[in-house]
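Chemist: Pasting a structure here, questions to come.
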């Protein structure tokens, strides 16, 4: 399966800042399950607690009580840069000239290695292996001569790639989204307190009101003087390039992302998929939970029965979070269990959101065959994933992507299915409202922010005309 990036949270001037950050991260647990952390600001002093594991495992009543203050930022992590280890957990905290600075990051900086080498040659010392610390060094260096706000703009001007930052510097809370707007960042309000989160589902849990997205290239600032919206320095792209996989898979269906309702987009993807290719079957079924919403749309368009012939064990974490293939396979076996009476002798159409390596789908189709399924057809509510993502989504290498290595008939043979159809790129774009604002690099290899690894992928693709 696919690994994701991270989830961010920030709140300014609220008496229950730490506890609200806890619940804000809890609502976004799906965005990262390796580590969690919260930093609070109390009378100019920062307090931090972070650790490995899920939010309720990392925090307790006593640890939250040890985080005083009315301003807080939080982070849940899946590692896209840097190993999964306690030293790479976020937020990151630094001390500079009597001032504490902390930040939490979602995304991936494609020029991080280059910047890190430059900084190390100038004497910088790094304590983590992630690209977020590169930005922290750039920020601190800029603060030698500039205000925190100007320093953020200067530091961001050096970055290439995808980034959303939530930062506390002095008594100021800042939120930043890169000019391409690869990943979501939203502004809400709880009473008089501004709230920042990667997804609006965090606002729903807190009963905060969603106001708007932080715009691509926006620096949102809140301090004692009020709230300010600034633009980052430099030239901006003509159109955003937002990660469409947020709508396909990553974001919670109840979230409002990129000014789109995720649930509605996924149903529409299923509708478009059925319009493109509906097999003659007895019923439509999803693999829960990711395939549920496109399957609903598919069944409605195809006017076919919708059934849950697979039941998910909700006490098993998402399989893609597991860091090893051994654990990933274990997750596949225990995550979903069949309803046997629904399968024997039936012609079944499975609707799912994506096929990446193919490991999960092979295992599930094999189980359906063993239980007596007469026919198994697969419909995927996104195009074939043929290229890795370099902007904060930890897709496997191109050599591990089944659609990059195999023709359609080969994939069908490997999966042992009677038919297979992926949603076309045109169908995918018809499923969203802002069709000219999305990054499709994982489908077509069109990387809008070049990097050395992007260049290698493009050269590899040129050497394989049909893949």
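Numbering (my numbering), first residue to last: 11 to 477.
From the three backbone atoms N, C-alpha and C, an ideal C-beta is built for every residue, glycine too.
1) Near residue 375, which residues of its chain fall below 7 Å by C-beta distance, leaving aside the five closest residues on each side in sequence?
2) Under a three-way DSSP split, which group does residue 4 fall into?
3) Name the two residues that bound the continuous beta strand (DSSP E) containing residue 57.
4) Is DSSP giving residue 421 helix, strand or coil here?
5) According to DSSP, is residue 275 part of a helix, a strand, or is it coil?
6) Can you list, in chain order, the residues of its chain whose CB lies under 8 Å from that of residue 219, leaving out five sequence neighbours each side?
7) Any contact between the stretch 179-189 and the stretch 226-237? By contact I mean 3 or more CB pairs, one from each, below 8 Å.
8) For residue 23, which residues in the same chain have their Cβ closer than 6 Å to its Cβ, ignoring the five residues on either side in sequence?
9) How big is the Cα-Cα spacing for residue 50 and residue 207?
10) Which same chain residues end up closer than 6 Å to residue 306 when comparing Cβ atoms and leaving out the 5 residues on each side of it in sequence?
11) If the criterion is Cβ atoms closer than 8 Å, does the pair residue 174 and residue 193 meet it?
12) Between the C-alpha atoms of residue 265 and residue 369, what's the straight-line distance to the nearest angstrom?
13) Please confirm whether residue 284 and residue 272 have their CB atoms less than 8 Å apart.
14) Considering Cα atoms alone, identify which of 300, 282, 244 and 242 is closest to residue 256.
15) Looking at the structure shown, is residue 426 part of a helix, part of a strand, or coil, going by DSSP?
16) Of all the alpha helix (DSSP H) runs that stay within the bounds of the stretch 175-225, which reach a length of 4 or more residues?
17) Report, in whole angstroms, the separation of the C-beta atoms of residue 45 and residue 252, which I expect to be a contact under 8 Å.
18) For the pair the stretch 391-405 and the stretch 432-450, tell me if three or more CB-CB distances fall below 8 Å.
19) What residue ranges within the stretch 93-153 form continuous beta strand (DSSP E) runs of no fewer than 3 residues, ordered along the chain?
20) With DSSP as the reference, label residue 51 as helix, strand or coil.
21) Grab the span of the beta strand (DSSP E) containing residue 16 for me, first residue to last.
22) Return yes when the Cβ of residue 148 is within less than 8 Å of the Cβ of residue 113, no when it is not.
23) Could you have a look at residue 457 and say whether DSSP puts it in helix, strand or coil?
24) Counting pairs of Cβ atoms below 8 Å between the stretch 96-104 and the stretch 152-165, do you hit three or more?
25) Give the straight-line distance between the Cα atoms of residue 361 and residue 389, rounded to the nearest whole angstrom.
26) Could you give the DSSP three-state label for residue 237: helix, strand or coil?
27) Where does the unbroken alpha helix (DSSP H) through residue 166 begin, and where does it stop?
28) From the DSSP output, which residues share a beta bridge with residue 84?
29) Candidates 294, 351 and 237: which alpha carbon is nearest residue 359's?
30) Does DSSP put residue 333 in a helix, a strand or coil?
31) Residue 457 and residue 118: beta carbons closer than 8 Å?
32) By DSSP, does residue 254 sit in helix, in strand, or in coil?
33) Which ranges does the alpha helix (DSSP H) cover as unbroken runs of at least 4 residues, wholly within the stretch 363-388, from first to last along the chain?
Modeler: The structure says:
1) Counting from one through the chain shown, the residue named residue 375 turns up at place 365. Answer for residue 375: 386, 425, 426 and 427, listed in chain order.
2) What the structure shows of the chain is the stretch from 11 to 477, and residue 4 is not part of that stretch, so it cannot be assessed.
3) For the purposes of this step, residue 57 is identified with residue 47 of the chain shown, where counting begins at 1. Counting along the chain, the beta strand (DSSP E) containing residue 57 begins and ends at 55-62.
4) Here residue 421 refers to the residue found at position 411 of the chain shown. Under the three-state reduction of DSSP output, residue 421 falls in the helix class.
5) By 1-based counting over the chain shown, the position of residue 275 is 265. The three-state reading of DSSP puts residue 275 in helix, counting H, G and I together.
6) Counting from one through the chain shown, the residue named residue 219 turns up at place 209. The residues are 198, 199, 200 and 213.
7) These segments touch.
8) Within the chain shown, the letter at position 13 stands for residue 23. The beta carbon of residue 23 is closer than 6 Å to those of 80 and 203 in its chain, skipping five residues each way along the sequence.
9) Here residue 50 corresponds to residue number 40 of the chain shown, with the count starting at 1. Here residue 207 corresponds to residue number 197 of the chain shown, with the count starting at 1. Rounded to the nearest angstrom, the two C-alpha atoms are 16 Å apart.
10) Sequence index remark: in the chain shown, residue 306 carries index 296 (1-based). Around residue 306: 277.
11) Position 164 of the chain shown, counted from the start, is the residue given in the question as residue 174. Position 183 of the chain shown, counted from the start, is the residue given in the question as residue 193. Their beta carbons are under 8 Å apart, which means residue 174 touches residue 193 by this criterion.
12) Counting from one through the chain shown, the residue named residue 265 turns up at place 255. Counting from one through the chain shown, the residue named residue 369 turns up at place 359. One C-alpha to the other measures close to 29 Å.
13) As a working note, residue 284 is residue 274 in the chain shown. As a working note, residue 272 is residue 262 in the chain shown. In this structure, residue 272 does not lie closer than 8 Å to residue 284 by Cβ.
14) Mapped onto the chain shown, residue 256 falls at position 246. Across the set 300, 282, 244 and 242, the C-alpha of 300 shows the shortest separation from the C-alpha of residue 256.
15) The residue given as residue 426 occupies position 416 in the chain shown. Coil.
16) If only uninterrupted alpha helix (DSSP H) runs of at least 4 residues are considered, those enclosed by the stretch 175-225 are 211-216.
17) To locate residue 45, count along the chain shown from 1; it is residue 35. To locate residue 252, count along the chain shown from 1; it is residue 242. Their Cβ separation, rounded to whole angstroms, is 26 Å, which puts residue 45 and residue 252 out of contact at 8 Å.
18) Short answer: they touch.
19) As far as the stretch 93-153 is concerned, its whole beta strand (DSSP E) runs of at least 3 residues are 102-106 and 109-119.
20) Against the chain shown, residue 51 aligns to sequence position 41. In the structure shown, residue 51 sits in a strand (DSSP, three-state: E or B).
21) Within the chain shown, residue 16 is the residue found at index 6, counting from 1. Residue 16 -> beta strand (DSSP E) spans 16-21.
22) As a working mapping, residue 113 is identified with position 103 in the chain shown. As a working mapping, residue 148 is identified with position 138 in the chain shown. In this structure, residue 148 does not lie closer than 8 Å to residue 113 by Cβ.
23) The residue labelled residue 457 in the question sits at position 447 within the chain shown. Collapsing the DSSP output to three states places residue 457 in coil.
24) Under the three-pair Cβ rule at 8 Å, the stretch 96-104 does not count as touching the stretch 152-165.
25) Start at 1 with the first residue of the chain shown, and residue 361 comes out as number 351. Start at 1 with the first residue of the chain shown, and residue 389 comes out as number 379. Roughly 5 Å separates the two Cα atoms.
26) Locating residue 237 in the chain shown gives position 227, where the first residue counts as 1. In this structure, residue 237 counts as strand in the three-state DSSP scheme.
27) Reading the chain shown from its first residue, position 156 is the one you call residue 166. 158-166 is the extent of the alpha helix (DSSP H) around residue 166.
28) Within the chain shown, residue 84 is the residue found at index 74, counting from 1. Paired residue(s): 19 and 48.
29) Within the chain shown, residue 359 is the residue found at index 349, counting from 1. Checked all of 294, 351 and 237; the closest Cα to residue 359 is 294.
30) For the purposes of this step, residue 333 is taken as the residue at position 323 of the chain shown. Caution applies to residue 333, whose pLDDT of 47 falls short of 50 and renders its modelled position unreliable; the value that the coordinates give is listed next. Residue 333 falls in the coil class under three-state DSSP.
31) Here residue 457 is taken as the residue at index 447 of the chain shown, counted from 1. Here residue 118 is taken as the residue at index 108 of the chain shown, counted from 1. Taking 8 Å as the Cβ cut-off, residue 457 and residue 118 do not qualify as a contacting pair.
32) Indexing the chain shown from 1 puts residue 254 at position 244. In this structure, DSSP gives residue 254 a state outside helix and strand, which the three-state scheme calls coil.
33) Segments of the alpha helix (DSSP H) lying fully in the stretch 363-388: 369-380.
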